[in-house]
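One structure is given here, and the rest of the page talks about it.
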Amino acid sequence: MMSDPKTIPRAIRLILISRFLERVADHATNIAEMVIYMVESKMVRHSIA
């Protein structure tokens, strides 16, 4: 990266995108846990698969 400074903005974008995708996945997990609770009255939070 240091040999070609033009790659730095692309690398930063990739890091931010991966962080945002992780947050989306966390939100999807939370929604799924809430739906399971509403449908089955079962708490699945923090359970080990």
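Take our numbering: the last position of the sequence shown gets the number 82, and nothing is skipped along the way. Just so you know, even glycine gets a beta-carbon here, dropped at the ideal spot from N, CA and C.
Note down the Cα distance separating residue 76 from residue 62, rounded to an integer number of angstroms.
13 Å
Do you know offhand how far residue 69's Cα is from residue 78's?
10 Å
Given this structure, state the Cα-to-Cα distance separating residue 66 from residue 46, to the nearest angstrom.
30 Å
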